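Data first, discussion second: the structure below is written as structure tokens.
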């Protein structure tokens, strides 16, 4: 795989993760359990959309076909999306939303830490800016997972159910393919598999504090980051997200 | 703004204390939570601040309705930032109300069971993307009209909350105007969306200032206490005078065939909203009242396990710390 193609894939993977998860989180607007959570969820979504603008903006630049971040976000079909499946699964209850956020934030913070040392200065700069935001996301999602895991009987049960539901989507974040190999060779990004040990240590500590049990199975659903097979949910998300751009092509907003 | 028809409470306090209190207000002093205040002043303020706070919270719904469909990443980010600000305004205002002796949970429950109101404007739907521009331009514009003078209100915590809120509201209004300008300058379909938004939101925006002065029975006491700074009609006129040239600049038509500049008065003459519609909306019969309240009730009920869980955890943590000491 050519270096530029691999770089483009990598940038889509970063930007599509933040775009799709940002969209999901923003669905909570006005419906959170407590006002502070409305604010925090909107803030998280806002950070993720801001990061999307940077990653997909750079993707357009690297692709060299004159596409903007908006063109990439709003004018691709589901099979061209490269986010991990974890980001597109529906919100479920607040517990599942926060568990998904925690499982993603833990990966995201480690990944951004490595990307700050990227050989590509543009990648390093985006990672530097995003990592400050994500450090806060992780602190908050971890605290909430601990609070609810070690809360009441009901909150514990719901958080364990959330973890059990989401666990099969965790493994995909650590799967490598030839695009990743190309990024490692260029010193642009780490091998996803190399993040797993640090990730497991981090989530074991937090989920332990939350009195939750990590499922033993290592089975991983996959197909998001390669685009080979998304969930049924992504298409519905895109019909909503892309509707105006699709219905009124060429309009400026 | 977002405070409409606030009933001011009659007050039965010691006349000497009342006179001294009024003298402080007349001298421009701020009343702080620990100061003596008439019971009517306290109750009226709780109602007014609470209604304003609830409006910020319910106001997330019509805007949130478009976050997932915002047409560009930038517009989505701006809208998220705005909704986040609004939830933040709700939070400052609930804190200001708490200084008057009412907890956030108590007044939230009063919203949820219909004992307290929020601004009538949020009972209208947002139907096309230009509505998001129009909400910023007209609704936030009307809110600022009322909130700028309230920065000088007599109650310290309310005044300080207003100072903070006004800074953010003027950003909201500018982004709204910018968003609707893009539409008004855009394709024929976009222009149609902009005009449609103005057609639907113009009169509901005029209603935000509350009934006409001749029907506004609670104003005098609130104005003496400086918790209401201008009459409803004064503010409405100011809003019309400010907004008409902006609409002209956009090439949009205000849906009032009788609107015209009155040289003698130095103001625009305009048609009042249909007040019977306003009173129906206040009673609960607006197009979205039922859905808005149902959405807030659902959020509150579905979130009960979260609030209980976090509280239980905080207690366990405190107990563990206590045991370790």
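Chains as they are written, first to last, in this note's numbering: chain V, 20 to 272; chain S, 521 to 845. In this text, a Cβ means the ideal position worked out from N, Cα and C, and glycines have one as well. Every value quoted in this text rests on a predicted model; they were computed, and no experiment measured them.
Residue j and residue i - do their beta-carbons sit closer together than 8 angstroms?
| i | j | result |
| --- | --- | --- |
| residue 214 (chain V) | residue 126 (chain V) | yes |
| residue 699 (chain S) | residue 771 (chain S) | no |
| residue 624 (chain S) | residue 614 (chain S) | yes |
| residue 692 (chain S) | residue 528 (chain S) | no |
| residue 569 (chain S) | residue 678 (chain S) | yes |
| residue 749 (chain S) | residue 620 (chain S) | no |
| residue 276 (chain V) | residue 649 (chain S) | One cannot answer for residue 276 (chain V) here, as it falls past the ends of chain V, which runs 20 to 272. |
| residue 49 (chain V) | residue 584 (chain S) | yes |
| residue 78 (chain V) | residue 40 (chain V) | no |
| residue 719 (chain S) | residue 736 (chain S) | no |
| residue 663 (chain S) | residue 522 (chain S) | yes |
| residue 137 (chain V) | residue 146 (chain V) | yes |
| residue 241 (chain V) | residue 197 (chain V) | no |
| residue 675 (chain S) | residue 579 (chain S) | no |
| residue 212 (chain V) | residue 193 (chain V) | yes |
| residue 524 (chain S) | residue 743 (chain S) | no |
| residue 269 (chain V) | residue 98 (chain V) | no |
| residue 819 (chain S) | residue 65 (chain V) | no |
Take residue i as the anchor and find which of the options has the nearest alpha-carbon.
| i | options | result |
| --- | --- | --- |
| residue 609 (chain S) | S:684, S:552 and S:796 | S:684 |
| residue 24 (chain V) | V:59, V:235 and V:199 | V:199 |
| residue 745 (chain S) | S:626, S:549, S:525 and S:534 | S:549 |
| residue 183 (chain V) | V:72, V:114, V:159 and V:272 | V:114 |
| residue 835 (chain S) | V:197, V:105 and V:171 | V:171 |
| residue 14 (chain V) | V:99, V:111, V:97 and V:35 | Given that chain V is displayed from residue 20 to residue 272, the structure contains no residue 14 (chain V) and the question cannot be resolved. |
| residue 168 (chain V) | S:604, S:842 and S:825 | S:825 |
| residue 35 (chain V) | V:120, V:91 and V:60 | V:91 |
| residue 734 (chain S) | S:721, S:659 and S:754 | S:754 |
| residue 526 (chain S) | S:566, S:821, S:632 and S:536 | S:566 |
| residue 93 (chain V) | V:225, V:104 and V:76 | V:76 |
| residue 775 (chain S) | S:659, S:721 and S:524 | S:721 |
| residue 160 (chain V) | V:142, V:144, V:151 and V:117 | V:117 |
| residue 561 (chain S) | S:590, S:541 and S:687 | S:541 |
| residue 761 (chain S) | S:661, S:694 and S:571 | S:661 |
| residue 16 (chain V) | V:266, V:181 and V:29 | Outside the shown range of chain V, which is 20 to 272, sits residue 16 (chain V), and nothing can be said about it. |
| residue 594 (chain S) | V:131, V:88 and V:96 | V:88 |
Please classify residue i: does DSSP put it in a helix, a strand, or coil?
| i | result |
| --- | --- |
| residue 788 (chain S) | strand |
| residue 780 (chain S) | strand |
| residue 729 (chain S) | coil |
| residue 193 (chain V) | helix |
| residue 774 (chain S) | coil |
| residue 566 (chain S) | helix |
| residue 207 (chain V) | coil |
| residue 587 (chain S) | helix |
| residue 545 (chain S) | helix |
| residue 526 (chain S) | coil |
| residue 233 (chain V) | coil |
If you follow the alpha helix (DSSP H) that residue i is in, where does it begin and where does it stop?
| i | result |
| --- | --- |
| residue 743 (chain S) | 739 to 744 |
| residue 596 (chain S) | 593 to 618 |
| residue 100 (chain V) | No alpha helix (DSSP H) holds residue 100 (chain V); DSSP gives it neither H nor E. |
| residue 116 (chain V) | 113 to 134 |
| residue 853 (chain S) | The structure shown does not extend to residue 853 (chain S), since chain S is modelled only from 521 to 845, so the question has no answer here. |
| residue 253 (chain V) | 252 to 260 |
| residue 678 (chain S) | 676 to 704 |
| residue 168 (chain V) | 140 to 168 |
| residue 73 (chain V) | 54 to 82 |
| residue 642 (chain S) | Here residue 642 (chain S) belongs to no alpha helix (DSSP H), and DSSP marks it neither H nor E. |
| residue 93 (chain V) | 88 to 93 |
| residue 37 (chain V) | 22 to 45 |
| residue 227 (chain V) | 215 to 228 |
| residue 845 (chain S) | Looking at the DSSP string, residue 845 (chain S) is not in any alpha helix (DSSP H), and its letter there is neither H nor E. |
| residue 669 (chain S) | 661 to 670 |
List, in order along the chain, the chain A residues whose C-beta lies closer than 8 angstroms to that of residue i?
| i | result |
| --- | --- |
| residue 167 (chain V) | Of the protein chains in this structure, namely V and S, none is chain A. |
Quiz prompt | Interface positions of the region 815 to 835 of chain S facing chain V (Cβ-Cβ less than 9 angstroms), listed along the chain | solution = 815, 816, 818, 819, 820, 822, 823, 824, 825, 826, 827, 828, 829, 830, 831, 832, 833 and 834
Self-check item: chain V contacts made by the region 615 to 632 of chain S, where a contact means CB separation under 9 angstroms
Solution: 624 and 628
Quiz item: Listed from N- to C-terminal order along the chain, which residues in the region 681 to 713 of chain S have their beta-carbon within a distance smaller than 7 angstroms of any beta-carbon of chain V?
Solution: 702, 706, 707, 709 and 710
Practice problem: Below 7 angstroms between beta carbons is the criterion; list the residues of the region 647 to 680 of chain S that meet it against any residue of chain V, in chain order. | Solution: 649
Exercise. Using a Cβ-Cβ cut-off of less than 8 angstroms, list which residues of the region 141 to 152 of chain V approach chain S; keep chain order.
Key: none
Exercise. Check each residue of the region 50 to 69 of chain V: if its Cβ is closer than 8 angstroms to any Cβ of chain S, include it; give the result in chain order.
Key: 50, 51, 52, 53, 54, 55, 56, 57, 58, 61, 62, 64, 65, 68 and 69
Exercise. Could you run through the region 214 to 237 of chain V and flag, in chain order, every residue whose CB is less than 7 angstroms away from some CB of chain S?
Key: none
Quiz item: Which residues, in chain order, does the region 85 to 103 of chain V contribute to contact with chain S at a C-beta distance below 8 angstroms?
Solution: Those residues of the region 85 to 103 of chain V that come within reach of chain S (Cβ to Cβ, closer than 8 angstroms) are 88, 89, 92 and 93.
Practice problem: Scan the region 233 to 267 of chain V for residues whose Cβ lies nearer than 7 angstroms to a Cβ of chain S and list them as they occur along the chain. | Solution: 259, 260, 262, 263, 264 and 267
Self-check item: Contact list for the region 591 to 608 of chain S against chain V, Cβ threshold 8 angstroms
Solution: 591, 592, 593, 594, 595, 596, 597, 600, 601, 603, 604, 607 and 608
Quiz prompt | Interfacial residues, the region 749 to 778 of chain S to chain V, with Cβ spacing under 7 angstroms | solution = none
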